[in-house]
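Participant:
2 protein chains.
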Amino acid sequence: MNQTAPTHLHHLDPNVSYFLGVDGGGTRTRVVLVDQAGTECARADGPPTLIDPADPAATVGVIADLCREAASKGGADLPVAGLWAGIAGAGTEPTRSVVETALREAGLSSLTSAGADAEATFYDAFPSGPGILLIAGTGSIALGRGADGSRLRVGGWGLHLGDEGSGYRIGMSALHAFARGEDGRGVSTELRDSVLKVLGLAGPGDLIKWIASAQKADVASLVPLIFEVAEAGDRAALTVIEEAVDELVGHVRTLVRRLEPWPATPEVALAGGLLKENRPLRVRMIRAIEVLPCRHQARVLDGARGACSLAMGLADLTDGSPAPWPEFLSGN
Amino acid sequence: MNQTAPTHLHHLDPNVSYFLGVDGGGTRTRVVLVDQAGTECARADGPPTLIDPADPAATVGVIADLCREAASKGGADLPVAGLWAGIAGAGTEPTRSVVETALREAGLSSLTSAGADAEATFYDAFPSGPGILLIAGTGSIALGRGADGSRLRVGGWGLHLGDEGSGYRIGMSALHAFARGEDGRGVSTELRDSVLKVLGLAGPGDLIKWIASAQKADVASLVPLIFEVAEAGDRAALTVIEEAVDELVGHVRTLVRRLEPWPATPEVALAGGLLKENRPLRVRMIRAIEVLPCRHQARVLDGARGACSLAMGLADLTDGSPAPWPEFLSGN
Numbered sequence: 199m200n201q202t203a204p205t206h207l208h209h210l211d212p213n214v215s216y217f218l219g220v221d222g223g224g225t226r227t228r229v230v231l232v233d234q235a236g237t238e239c240a241r242a243d244g245p246p247t248l249i250d251p252a253d254p255a256a257t258v259g260v261i262a263d264l265c266r267e268a269a270s271k272g273g274a275d276l277p278v279a280g281l282w283a284g285i286a287g288a289g290t291e292p293t294r295s296v297v298e299t300a301l302r303e304a305g306l307s308s309l310t311s312a313g314a315d316a317e318a319t320f321y322d323a324f325p326s327g328p329g330i331l332l333i334a335g336t337g338s339i340a341l342g343r344g345a346d347g348s349r350l351r352v353g354g355w356g357l358h359l360g361d362e363g364s365g366y367r368i369g370m371s372a373l374h375a376f377a378r379g380e381d382g383r384g385v386s387t388e389l390r391d392s393v394l395k396v397l398g399l400a401g402p403g404d405l406i407k408w409i410a411s412a413q414k415a416d417v418a419s420l421v422p423l424i425f426e427v428a429e430a431g432d433r434a435a436l437t438v439i440e441e442a443v444d445e446l447v448g449h450v451r452t453l454v455r456r457l458e459p460w461p462a463t464p465e466v467a468l469a470g471g472l473l474k475e476n477r478p479l480r481v482r483m484i485r486a487i488e489v490l491p492c493r494h495q496a497r498v499l500d501g502a503r504g505a506c507s508l509a510m511g512l513a514d515l516t517d518g519s520p521a522p523w524p525e526f527l528s529g530n
Numbered sequence: 199m200n201q202t203a204p205t206h207l208h209h210l211d212p213n214v215s216y217f218l219g220v221d222g223g224g225t226r227t228r229v230v231l232v233d234q235a236g237t238e239c240a241r242a243d244g245p246p247t248l249i250d251p252a253d254p255a256a257t258v259g260v261i262a263d264l265c266r267e268a269a270s271k272g273g274a275d276l277p278v279a280g281l282w283a284g285i286a287g288a289g290t291e292p293t294r295s296v297v298e299t300a301l302r303e304a305g306l307s308s309l310t311s312a313g314a315d316a317e318a319t320f321y322d323a324f325p326s327g328p329g330i331l332l333i334a335g336t337g338s339i340a341l342g343r344g345a346d347g348s349r350l351r352v353g354g355w356g357l358h359l360g361d362e363g364s365g366y367r368i369g370m371s372a373l374h375a376f377a378r379g380e381d382g383r384g385v386s387t388e389l390r391d392s393v394l395k396v397l398g399l400a401g402p403g404d405l406i407k408w409i410a411s412a413q414k415a416d417v418a419s420l421v422p423l424i425f426e427v428a429e430a431g432d433r434a435a436l437t438v439i440e441e442a443v444d445e446l447v448g449h450v451r452t453l454v455r456r457l458e459p460w461p462a463t464p465e466v467a468l469a470g471g472l473l474k475e476n477r478p479l480r481v482r483m484i485r486a487i488e489v490l491p492c493r494h495q496a497r498v499l500d501g502a503r504g505a506c507s508l509a510m511g512l513a514d515l516t517d518g519s520p521a522p523w524p525e526f527l528s529g530n
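Line by line, the protein sequences give chains A and B. Plus 198 on top of the position in the first sequence (first one is 1) and you've got my numbering. Plus 198 on top of the position in the second sequence (first one is 1) and you've got my numbering.
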């Protein structure tokens, strides 16, 4: 809901500038409209905006509609003064440029830029100053900003080369443990029967067919089951989860080291489906990062608000296109 | 070359029975013709017979031509008394049945059966009695037969769920080490520059694009480079190779345990591109299995000869279709 109800004053005062922030992900898309004081004026929620690598501009239709909805609700005329769209998969070239061009052509804003959804979330957690954001959902990535303003990414290599500690990787590790247990190369595990049952498969051979056509999210969807089996004391499942925590801690530890010196204990924000409130991995992660030592930033993050901050920053730049986060690698 | 030159006697004596054995793999296809005494009469070599999962019978044309060539060279009339075709990817249903039916329709033999190429290699190494075969090429699998005749498979789960210790997995582990090193999450490694150079890539981001379209064999083709980097003392590359050896030893150790009791020290045969004569992994593996303790079977294996033994065995069975090796799982 709006933090500030729209008023006719906004609509009637041509001296107020508006900014749009977009957080587009695999689950849903959120658009927020703020005024030049950063006050939220309106919000629109919509379906996922998954980037189709074959046609990256295709997703822009949904985003443009949501932007028009938010502007209309908030009483802002288009084009607004700035738009920043964080979209899953738009952190790498040439996708970023294609999306940016399509957004510009939609006439939503005088100044328009696009980037990864992770960037938008980072700017909500840390609008300025040092900090580290760890995201673990279907994939995994960590971003950090040092005291001198330098920005670094670790992880984010995608499902083939990385995503350690992510839902995808936890699912794959569990399936590897399944295969080892079945052969007798590893400990036998309750994961076997549980996985076959939840996937509706008759036997291990069917798992090979299943995995051949499974998507990253299908594999990540096994995570709640794996936690359940681990909580019942299954050794293989527990090992899978412990390894995921170690991997995620490794992401944070690396950023802490590479961004030294820190003026105070580094602050770490957690985001992504695996690290949300009430998710079992969150408690483990908070405990693990606090012994690094780091401080945990407890507030709930909102990528669309971070995107608004970035949109407001666009107006301060002469070329209208700030450099994207350095070293973004994977479009996944 | 033929171990026994063909003679007109074979052709003129209707009382001689002939058998055909096929070893079809991703590199080449070999067909051998033997007489009822098991003596090799002729041989034909041809292109790879990779199973196309969408059309498993498509590969049968090449196999049938090679069978006709071997029969003609050896002076045997078709149909011969038995044909056994071991083909990579034909160890799982329904592929096995489709290939078998197509081979029968080709009229090559009165009794025809098909299975995995690994089965054929096993029967060459161990025509009878206990033994263990470890195959590590692009993928990995181990087969064993106990003193009581019971047969077991471990590994062979394919690239998504298994293939530990294989060329594919060594390549993937090296790429994971590359990503960790690049981030600073792992030790920095010479693998980075070497991999980029051999693949002709400008930077790490290009590796993500490369892997997205790489085949299993493309990844396995990095193995010689990884050994080279390891031999130059690179810690990450050395770790990748040590882990592969551990995985392969684990396959053998599991079969040794599961097939107990053994009447004498178990004999282990090695096959596949990674374990061929003069390959660096072979020496490490021989050393590792001898401390299990196992005995290494040193002779060079010939899957087509193993397939001939299986073809001769078909005539002893009333239904003409012996049970395939139990628990074959992956078509990879």
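Quick reminder that beta carbons are idealized off the backbone N, C-alpha and C, glycines included.
At 4 residues or longer, and completely inside the region 407 to 466 of chain B: list those alpha helix (DSSP H) runs for me, N to C.
Facilitator: The region 407 to 466 of chain B contains these whole alpha helix (DSSP H) runs: 414 to 418, 421 to 429 and 433 to 456.
Participant: Starting from the beta carbon of Val352 of chain A, find every residue of chain B whose beta carbon is closer than 8 Å, and list them in chain order.
Facilitator: Counting from 1 along the first sequence, the entry for residue 352 of chain A is found at position 154. Residues of chain B passing the Cβ test: Asp381, Gly382 and Arg383.
Participant: Please confirm whether Ala283 of chain B and Leu301 of chain B have their CB atoms less than 8 Å apart.
Facilitator: Against the second sequence, residue 283 of chain B aligns to sequence position 85. Against the second sequence, residue 301 of chain B aligns to sequence position 103. Against a cut-off of 8 Å, the Cβ pair of Leu301 of chain B and Ala283 of chain B comes out as a contact.
Participant: Mind listing the chain A neighbours of Arg456 of chain B? Cutoff is C-beta to C-beta under 7 Å, in chain order.
Facilitator: Locating residue 456 of chain B in the second sequence gives position 258, where the first residue counts as 1. Near Arg456 of chain B (Cβ distances below 7 Å), the residues of chain A are Gly382.
Participant: Measuring alpha carbon to alpha carbon, tell me which of A:Asp404, A:Leu350, A:Phe217 and A:Val296 ends up nearest Gly236 of chain A.
Facilitator: Residue 236 of chain A sits at position 38 when you count from the first residue of the first sequence. Checked all of A:Asp404, A:Leu350, A:Phe217 and A:Val296; the closest Cα to Gly236 of chain A is A:Phe217.
Participant: Answer yes or no: do Glu465 of chain B and Cys506 of chain B have a C-beta to C-beta separation smaller than 8 Å?
Facilitator: Counting from one through the second sequence, the residue named residue 465 of chain B turns up at place 267. Counting from one through the second sequence, the residue named residue 506 of chain B turns up at place 308. Their beta carbons are not under 8 Å apart, which means Glu465 of chain B does not touch Cys506 of chain B by this criterion.
Participant: Using a Cβ-Cβ distance cut-off of 8 Å, determine whether Ala435 of chain B contacts chain A.
Facilitator: Within the second sequence, residue 435 of chain B is the residue found at index 237, counting from 1. No, its Cβ sits nowhere closer than 8 Å to a Cβ of chain A.
Participant: Using a beta-carbon distance cut-off of less than 7 Å, what residues from the region 413 to 437 of chain A approach chain B?
Facilitator: Per Cβ criterion, the list is empty.
Participant: To the nearest angstrom, report how far apart Ala175 of chain B and Arg503 of chain B are at their CA atoms.
Facilitator: In this structure chain B extends from 199 to 530, so residue 175 of chain B is not present and cannot be described.
Participant: Within 10 angstroms of its Cβ, does Asp253 of chain A collect 16 or more other Cβ (buried), or is it exposed?
Facilitator: Position 55 of the first sequence, counted from the first residue, corresponds to residue 253 of chain A. Classification of Asp253 of chain A: exposed, given that the 10 Å Cβ count is below 16.
Participant: Within the same chain, show all residues whose beta-carbon is closer than 6 Å to that of Pro478 of chain B, passing over the 5 residues directly before and after it, in chain order.
Facilitator: Stepping through the second sequence from its first residue, residue 478 of chain B is reached at position 280. Only Phe425 meet the Cβ criterion.
Participant: Excluding five sequence neighbours on each side, which residues of the same chain lie with their C-beta closer than 8 Å to the C-beta of Asp250 of chain B?
Facilitator: Counting from one through the second sequence, the residue named residue 250 of chain B turns up at place 52. Closer than 8 Å at the Cβ level, and outside the excluded window around Asp250 of chain B, lie Ala256 and Thr257.
Participant: Could you give the distance in angstroms between the alpha-carbon of Gln234 of chain B and the alpha-carbon of Ser215 of chain B?
Facilitator: Numbered from 1 along the second sequence, position 36 holds the residue referred to as residue 234 of chain B. Numbered from 1 along the second sequence, position 17 holds the residue referred to as residue 215 of chain B. Computed Cα separation, rounded: 5 Å.
Participant: Find the nearest neighbour of Arg228 of chain A within the set A:Leu248, A:Asn213, A:Ile261 and A:Glu429, judged by alpha-carbon distance.
Facilitator: Position 30 of the first sequence holds residue 228 of chain A. Nearest of A:Leu248, A:Asn213, A:Ile261 and A:Glu429 to Arg228 of chain A, Cα basis: A:Ile261.
Participant: Compare the beta carbon distance of Ala176 of chain B and Gly244 of chain B with 8 Å and say whether it is the shorter of the two.
Facilitator: Outside the shown range of chain B (199 to 530) lies residue 176 of chain B, about which nothing can therefore be said.
Participant: Pull up the distance between the alpha-carbon of Thr437 of chain A and that of Arg378 of chain A, whole angstroms please.
Facilitator: By one-based count along the first sequence, residue 437 of chain A stands at place 239. By one-based count along the first sequence, residue 378 of chain A stands at place 180. Distance between the alpha carbons of Thr437 of chain A and Arg378 of chain A: 13 Å.
Participant: Nearest CA to the CA of Leu420 of chain B: which residue from B:Phe376, B:Asp322 and B:Leu341?
Facilitator: The count along the second sequence starts at 1 and reaches residue 420 of chain B at position 222. Measuring from the Cα of Leu420 of chain B, the nearest candidate turns out to be B:Phe376.
Participant: Could you name the residues of chain B that Ile409 of chain A contacts, counting a contact when the two beta carbons are closer than 7 Å?
Facilitator: Sequence index remark: in the first sequence, residue 409 of chain A carries index 211 (1-based). Per Cβ cutoff of 7 Å: His358 and Leu359.
Participant: Under 8 Å between C-beta atoms, does Ala513 of chain A make it to chain C?
Facilitator: Protein chains A and B are contained in the structure displayed, whereas chain C is not.
Participant: Between which residues of its own chain and Leu394 of chain A is the CB-CB distance below 8 Å, once the five residues before and five after are set aside?
Facilitator: Within the first sequence, numbered from 1, the residue matching residue 394 of chain A stands at position 196. Within the same chain, Leu394 of chain A has close Cβ partners Ala400, Gly401, Pro402, Asp404 and Leu405.
Participant: Thr387 of chain A: buried (16+ other C-beta within 10 angstroms of its C-beta) or exposed?
Facilitator: Within the first sequence, residue 387 of chain A is the residue found at index 189, counting from 1. Buried is the call here.
Participant: So is Gly222 of chain B in contact with chain A if we call contact Cβ pairs under 8 Å?
Facilitator: Start at 1 with the first residue of the second sequence, and residue 222 of chain B comes out as number 24. So no, Gly222 of chain B is outside the interface.
Participant: Note down, in chain order, all residues in the region 391 to 410 of chain A with a beta-carbon under 8 Å from any beta-carbon belonging to chain B.
Facilitator: Listed by position, the residues of the region 391 to 410 of chain A near chain B (Cβ gap below 8 Å) are Pro402, Gly403, Leu405, Ile406, Ile409 and Ala410.
Participant: Residues of chain B with a CB under 8 Å from the CB of Ala377 of chain A: which are they?
Facilitator: In the first sequence, counting from the first residue as 1, residue 377 of chain A sits at position 179. The contacting residues are Trp355, Leu359 and Gly360.
Participant: Between the region 438 to 469 of chain A and chain B, which residues of the former have CB atoms less than 9 Å from a CB of the latter, in chain order?
Facilitator: Hits within the stretch, in order: Glu445, Gly448, His449, Arg451, Thr452, Leu453, Arg455 and Arg456.
Participant: Does chain A have any CB closer than 8 Å to the CB of Thr336 of chain B?
Facilitator: On the second sequence, position 138 is the one that residue 336 of chain B refers to. Closer than 8 Å: no.
Participant: Excluding the 5 residues preceding and the 5 following Tyr445 of chain A in the sequence, name in chain order all residues of the same chain whose CB lies nearer than 7 Å to its CB.
Facilitator: As a working note, residue 445 of chain A is residue 247 in the first sequence. According to the sequence as given, residue 445 of chain A is Glu; it is not Tyr. Cβ neighbours of Glu445 of chain A beyond the five flanking positions: Glu362 and Gly363.
Participant: Mapping the DSSP letters down to three states, classify Arg228 of chain B as helix, strand or coil.
Facilitator: The count along the second sequence starts at 1 and reaches residue 228 of chain B at position 30. Reduced to three states, the DSSP call for Arg228 of chain B is strand.
Participant: If we ignore side chains and look at the alpha-carbon of each, how far apart do Thr247 of chain A and Ala412 of chain B end up?
Facilitator: Here residue 247 of chain A is taken as the residue at index 49 of the first sequence, counted from 1. Here residue 412 of chain B is taken as the residue at index 214 of the second sequence, counted from 1. Roughly 27 Å between the two C-alpha positions.
Participant: Whole angstroms are fine: how far does the CA of Ser307 of chain B sit from the CA of Leu457 of chain B?
Facilitator: For the purposes of this step, residue 457 of chain B is taken as residue 259 along the second sequence, with counting starting at 1. For the purposes of this step, residue 307 of chain B is taken as residue 109 along the second sequence, with counting starting at 1. Cα to Cα, Leu457 of chain B sits roughly 35 Å from Ser307 of chain B.
Participant: Roughly how many angstroms lie between the CA atoms of Asp346 of chain A and Leu453 of chain A, to the nearest whole one?
Facilitator: Position 148 of the first sequence, counting from 1, holds the residue named residue 346 of chain A. Position 255 of the first sequence, counting from 1, holds the residue named residue 453 of chain A. Taking the straight line joining both Cα atoms gives about 14 Å.
Participant: Would you kindly report the start and end of the unbroken alpha helix (DSSP H) that includes Thr319 of chain A?
Facilitator: As a working mapping, residue 319 of chain A is identified with position 121 in the first sequence. First-last of the alpha helix (DSSP H) with Thr319 of chain A: Asp315 to Ala323.
Participant: Would you call Val220 of chain A buried or exposed, if buried means 16 or more other Cβ atoms sit within 10 Å of its Cβ?
Facilitator: Sequence index remark: in the first sequence, residue 220 of chain A carries index 22 (1-based). With 16 or more other Cβ atoms within 10 Å, it is buried.
Participant: According to DSSP, what are the bridge partners of Arg241 of chain A?
Facilitator: For the purposes of this step, residue 241 of chain A is taken as the residue at position 43 of the first sequence. In DSSP, Arg241 of chain A forms a bridge with A:Val230.
Participant: Using a threshold of 8 Å, state whether the C-beta atoms of Cys239 of chain B and Gly287 of chain B are closer than that.
Facilitator: Within the second sequence, numbered from 1, the residue matching residue 239 of chain B stands at position 41. Within the second sequence, numbered from 1, the residue matching residue 287 of chain B stands at position 89. Against a cut-off of 8 Å, the Cβ pair of Gly287 of chain B and Cys239 of chain B comes out as no contact.
Participant: With 16 other CB atoms within 10 Å as the buried threshold, where does Val498 of chain B fall?
Facilitator: Position 300 of the second sequence, counted from the first residue, corresponds to residue 498 of chain B. Exposed.
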